[in-house]
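Protein chains in written order, with the numbering used here: chain A, 25 to 311; chain B, 14 to 175. The beta-carbon is built from N, C-alpha and C at its ideal position, and this holds for glycine as well. Read the structure below first, then the notes.
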Amino acid sequence: MIPFELAEPTSLAAAVKLLDPDDETVRPIAGGTALMLMMKAGVFRPQKLVSLRKIEAKYSGIAASGDGLRIGAMTTLNAVERSADVKKHAPVVTRTMRTLSNVRVRNVATVGGALAHGDPHMDLPPVLMALGATLTIVGPKGERKLPLEELFTGYYETVLDKNELISEVHVPSQGAKKGAYMKVTTGSADDWPALGVAVVLDADGGAIKSARVVGSAATTKATRLKAAETVLNGKTVDDKLLKAAGDAAIEESEFIADVRGSMPYKRELMRVYVGRAVRAAMQGTGA
Amino acid sequence: MTATRTITFTLNGAPVSADVKPHHNLVELLQTHFGLTGARETCGQGLCGCCTVIVNGRSVSGCLYLASFVDGADVRTVEALDGAGKLSPVQEAFIEASAFQCGYCTPGFILMVTQLLDEHPDPDEEQIKHYLTGNLCRCATYPEVMDAVKLAARKRKAAASA
């Protein structure tokens, strides 16, 4: 890797001050698993990295309350995977964690990093988006809240300014809602996916009252699939309905081709997997 | 501009210090400063497990971990396992089950299996596969690795009750 400077501030406020809104070569680093890959590949050449690993401990923890979970941005994916609170309030997240990358990456990678990186192949963002998560973002002027579904603007692009940091994720309780995340990996089991689909359903028996459906990996960014949701809302699940939802999903998705699949292949995956994810959620299966 | 810094940490039980550059990773630190070659950078992407190192009790991919990040940490490598002059039960089990051919991936497997058995002393096949999904063996000794994990679990249990 090319040389760079490393700053290790001990507070979130100090970290924000060290970032430069106009300098793309200064960037925050949390677990660093994703950033290290980009630096090794030479696609990211920082002058300076601002490590968040020594900021206040309160940003690495999970707290449960009546309305859901508050997850500090520096919480590792492993801590999320093991959390009894997460399992209780958002079991679809716990199930997803087991299929996300591998043990060593989960031990190091953070929740905030998985979101701020803006990589459409990540598994956690679509699931949190389907659950209706909101973010707390800290910048030089203070705090702001943002629905997660408004974070991503494109391929590795977010609405975050270069001197803003995600400090916390609020995940509403899943409650009686049914959730599933399904992904297709065309390489090894823990490879980046060719497609991810997350669904969270408010359902009564076989009838869907309301659905949130999010597609990722096959698309330029994790995207809420509202046309597919409209097809599903208020309907009883059968093969015809799920086919219609899949058809709606591919019409509203912006697909990207990569080494994991061509555009036509990913379109076909999406067409099929929206329905499969709904079925999995209804049956309480599917990671 | 990229100042060298001195970090101190515990390496295989002993306090150590080293001068590192910000862009050096943990594998480079272990190899160049301490001559420890058990962790080796191979895929360079955290997928293969050959660079596994234990930091503060948790496995990490040394190739994706900045050397600076182990400042103040407890670091353990495969070289610590036979520190008492005797192979660990997991090491013995890999030999007895012939769970390697060329041996290149073996240190990573040994460390991950040790972690696995610390968490799940009596793992089922599904748990073993889940835990080792990030370890690749190009000689494809996976069936023997499965045998070795089960054998190691029995050895550890026997040692604990002895």
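The beta strand (DSSP E) enclosing residue i, as first and last residue numbers
i	result
B/S30	A27 to V33
A/V40	No beta strand (DSSP E) contains A/V40, which is instead part of the alpha helix (DSSP H) from L36 to L42.
A/F176	F176 to G178
A/M25	No beta strand (DSSP E) contains A/M25, which DSSP labels as neither H nor E.
B/L129	Segment T119 to E132 is the alpha helix (DSSP H) holding B/L129; no beta strand (DSSP E) there.
A/P150	A/P150 -> not in any beta strand (DSSP E); alpha helix (DSSP H) instead, spanning L148 to A154.
B/H36	Neither: B/H36 is in no beta strand (DSSP E) and is coded neither H nor E.
A/T160	T158 to G163
A/P115	Per DSSP, A/P115 belongs to no beta strand (DSSP E); it is in the alpha helix (DSSP H), P115 to R122.
A/H327	Residue 327 of chain A cannot be examined here, being either before or after the span of chain A that is shown, 25 to 311.
B/I141	From DSSP, B/I141 is part of no beta strand (DSSP E) but of the alpha helix (DSSP H) over E138 to Y144.
A/A87	I86 to S89
A/A204	K202 to V208
A/I95	G92 to G96
B/V66	T65 to V68
B/R71	R71 to S74
Test item: CB-CB of residue i and residue j under 8 Å
i	j	result
A/G230	A/M294	no
A/E192	A/A58	no
A/V127	B/Y144	yes
A/S75	A/L30	yes
B/T65	B/G121	yes
A/Q198	A/L148	no
A/Y110	A/Y205	With the sequence shown as reference, residue 110 of chain A is identified as Val, and Tyr is not the correct amino acid for it. It is not a contact, given that the beta carbons lie outside the stated cut-off.
B/N38	B/A106	no
B/G48	B/N148	no
B/L124	B/S72	yes
A/V237	A/M306	no
A/V302	A/L266	yes
A/T278	A/T244	Per the sequence shown, residue 278 of chain A should be read as Glu rather than Thr. Cβ distance < 8 Å, so A/E278 and A/T244 count as in contact.
A/K64	B/G57	yes
A/L101	A/V67	no
B/F22	B/V83	yes
B/K34	B/T19	no
Segment limits, alpha helix (DSSP H) that includes residue i
i	result
A/I274	D263 to E276
A/E80	Neither: A/E80 is in no alpha helix (DSSP H) and is coded neither H nor E.
A/R300	M287 to Q307
B/I108	P102 to E109
A/M60	T57 to A65
A/G136	V135 to A140
A/V129	V127 to V132
A/V104	L101 to R106
Listed by chain order, chain B residues near residue i by CB distance under 8 Å
i	result
A/G56	L77, Y78, L79 and F82
Chain A residues whose Cβ lies nearer than 7 Å to that of residue i
i	result
B/S72	V127, R128 and N131
B/H143	R122
Per DSSP, cross-strand counterpart(s) of residue i
i	result
B/S174	According to DSSP, B/S174 bridges with nothing at all.
A/P217	Note: A/P217 sits in no beta bridge, so no partner.
B/L24	B/A27 and B/V88
B/G48	B/G48 pairs with nothing; no bridge assigned.
A/P171	A/T158
A/T247	A/G239
A/D226	A/S234
A/L73	A/L30 and A/R51
A/D282	A/G285
A/G166	A/G163
B/R18	B/V33
A/T260	A/A231
A/E181	A/G178
B/L79	B/N38
Interface partners of residue i on chain B, CB under 7 Å
i	result
A/K64	G57
A/M146	The premise fails here: A/M146 is roughly 14 Å from chain B at the closest Cβ pair, so nothing lies under 7 Å.
A/M25	H36
Residue i: contacting residues in chain A (beta-carbon distance under 8 Å)
i	result
B/G147	S125, N126, V127, R128, V129 and D214
B/T65	R128
Partners in chain B for residue i, counting only beta-carbon separations shorter than 9 Å
i	result
A/L61	G57, Q58, G59 and L77
A/R77	F82
Residue-level contact to chain D via CB, residue i, 8 Å cutoff
i	result
A/K111	The chain labelled as chain D is not found among the protein chains of the depicted structure, namely A and B.
Closer than 7 Å: residue i CB and nearest the ligand SAM heavy atom
i	result
A/T99	In the structure shown, the ligand SAM is absent, as is every other ligand, since no ligand is present at all.
Okay, do the region 131 to 151 of chain A and the region 170 to 187 of chain A touch, 3+ Cβ pairs below 8 Å being the bar? Touching, per the Cβ criterion.
At least 3 beta-carbon pairs within less than 8 Å: the region 119 to 134 of chain A vs the region 155 to 172 of chain A: Taking one beta carbon from each stretch, the region 119 to 134 of chain A and the region 155 to 172 of chain A have fewer than 3 pairs nearer than 8 Å; the two do not touch.
Pair every Cβ in the region 164 to 173 of chain A with every Cβ in the region 101 to 117 of chain B, then say whether three or more of these pairs are closer than 8 Å. no
Contact between the region 31 to 43 of chain A and the region 63 to 74 of chain A is defined here as three or more beta-carbon pairs at a separation below 8 Å; is this criterion met? yes
Inter-stretch contact at 8 Å, needing at least 3 Cβ pairs: the region 209 to 228 of chain A / the region 281 to 295 of chain A: yes
The region 67 to 79 of chain B contacting the region 45 to 61 of chain A, beta-carbon criterion three pairs below 8 Å: yes
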